[in-house]
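Chains as they are written, first to last, in the working numbering: chain A, 151 to 407; chain B, 4 to 109. I have placed the structure first, in the form of C-alpha cells, so that the comments after it can refer back to it.
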C-alpha cells in the first residue's frame, strides 16, 4: 500500500514537471523576443504568449512541488534545479533562431499543447484539470496566432517561404518526442491523470497537415526522432538558457520584488 | 487578400503594414469605443493584434477593427462652420429645461 502511494506520487510529480518544464522553457525562449519582435504589435503578442506559458508553468510546478512534499516551492523547482533535473521536450529548448523558426516551433508545439490541455480537462487529478481548463483557452489562441503566421510566411515571399520550410525541416526530428510514451506517461495514463500520448498524435497530424497545405509547406519524412528531454538528457542549449534564467534567483536567494 | 485595404497608409514610401482603427466594447450592451490603432497585413492579423495590444488585461468583451482608410473624418478647417454654431443655442441642451415638479425619479 505504501509502495503504491509512493508510485502514484512519483508519477504525479514527474508528469507535472514535464508539463511545467515544457512551458517554463518555451516561455523563456519566447521572452527573448521581448523588444526584438519584427513589429511592435507582434512583439507584444509574443510577450503575451510567453506570459501565458509562464503562468501555466507556475501552476504545474506548484502541483509538482505539492506532490513532492519536500517543502520546495514552484520557484525552487524553476530556479534551483540543474539541467539534468529538467524534464522538458528538446524542441522547446532550441535557440529561438529567426522569426520563421520561432513561429514554426510555436505552431508545432501549440498544435500539440491545445489537444493535450483539452484532454487534461478530464484529468482524474483535480489540480491538473483546473490548470487545463484555463490553459486550453490560452492555447486555442496560441495555435490560432501561430497557424496564421505559418500561412502568412509559408504563402508569402520566396524568402519567407524558404525560411519557414528550412525551420520546419530543422525542427521535424524534435517533434516525435511529444508522442513517444515512456513508463511515466503510461503510468499517468493508467491512473487517469493524463491521456495516452499516442492519442494526441492523430489530432496533431490533422492540424499540422491542414496548416502545412495552406502554407505550401512540405511535410518532412518521419526518419530519426530525437528524444531525451523527459529523462534529463538535454541538448547543449539548455545549460545556457538556465544560466540566464536562473542567475537572478540564485544570486539573490529569497529576494522579493 | 480581398480584405486588405488599399492605400490605407496613404504614403507609397511607408514600409508599415496598413493601419486599422480598433474599437472595443468594455461591457455587455455598452457602446464600442475607439481605443487606438494597429498595423496589420489583413483583417485576421488586425483582429489578433488588436486583441494582444488592447484586450490583454480584461478591458473588452468585443472588438471591431476597421481599415483606417474607411474612416471619413472632418477637417480642422471645418470646425468653424461645423461646431461653433452650437455654442449659443443653449436650448438644445436638456439642462435648459426645468423638470416639472410632479416628475419623480427622472
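Backbone N, C-alpha and C fix where the C-beta goes; we use that ideal spot for every residue, glycine too.
Taking the beta carbon of residue 55(B) as reference, the chain A residues within 7 angstroms of it are 191, 194, 195, 198, listed in sequence order.
In this structure residue 23(B) touches residue 69(B) by the C-beta definition: roughly 6 angstroms separates them, less than 8 angstroms. Against chain B, a Cβ distance below 9 angstroms from residue 292(A) picks out nothing, because the smallest value is about 11 angstroms. Burial state of residue 308(A) is exposed, judged by a 10 Å Cβ sphere holding fewer than 16 other Cβ atoms.
For residue 347(A), same chain residues with a beta-carbon under 6 angstroms away, outside a window of 5 residues either side, are 329, 331, 335 in chain order. Considering only beta carbons, the part of the stretch 280–305 of chain A lying closer than 8 angstroms to chain B consists of 291, 294, 295, 298, 302, in chain order. The count of Cβ pairs closer than 8 angstroms, one atom from the stretch 286–298 of chain A and one from the stretch 262–269 of chain A, reaches three, so the stretches are in contact. Just so you know, the alpha carbons of residue 158(A) and residue 194(A) end up roughly 40 angstroms apart. For residue 235(A), there is no enclosing alpha helix (DSSP H), as DSSP marks it with neither H nor E. For residue 88(B), there is no enclosing alpha helix (DSSP H), as DSSP gives it neither H nor E. Bounds of any beta strand (DSSP E) do not take in residue 292(A); it lies within the alpha helix (DSSP H) bounded by 276–304. For residue 283(A), the closest alpha carbon among the candidates 390(A), 178(A), 210(A) is that of 210(A). A Cβ-Cβ separation of about 11 angstroms leaves residue 240(A) out of contact with residue 381(A) under the 8 angstroms criterion. Each of 393(A), 222(A), 263(A) was checked against the Cα of residue 206(A), and the nearest Cα belongs to 263(A).
DSSP, read as helix, strand or coil, puts residue 271(A) in coil. Residue 171(A) sits close to residue 238(A), with the two beta carbons spaced by under 7 angstroms. DSSP, read as helix, strand or coil, puts residue 102(B) in coil. Under DSSP, residue 24(B) takes part in a beta bridge, and its partners are 40(B), 69(B). By the neighbour-count definition (other C-beta atoms within 10 Å, threshold 16), residue 55(B) is a buried residue.
In this structure, DSSP gives residue 379(A) a helical state, which the three-state scheme calls helix.
At least 7 angstroms separates the CB of residue 62(B) from every CB of chain A. With respect to chain A, the C-beta atom of residue 41(B) has a partner C-beta closer than 7 angstroms. Ranked by how close their Cα comes to the Cα of residue 30(B), the residues 53(B), 105(B), 66(B) have 66(B) in first place. Only those residues of the stretch 23–49 of chain B whose C-beta falls short of 8 angstroms from the nearest C-beta of chain A are listed: 41, 42, 43, 44, 47, 48.
Between the C-alpha atoms of residue 165(A) and residue 235(A) there is a straight-line separation of about 13 angstroms. When only Cα atoms are considered, residue 85(B) and residue 77(B) end up about 9 angstroms apart.
Under the 10 Å beta carbon count, residue 350(A) is surrounded by 16 or more other beta carbons and is classified as buried.
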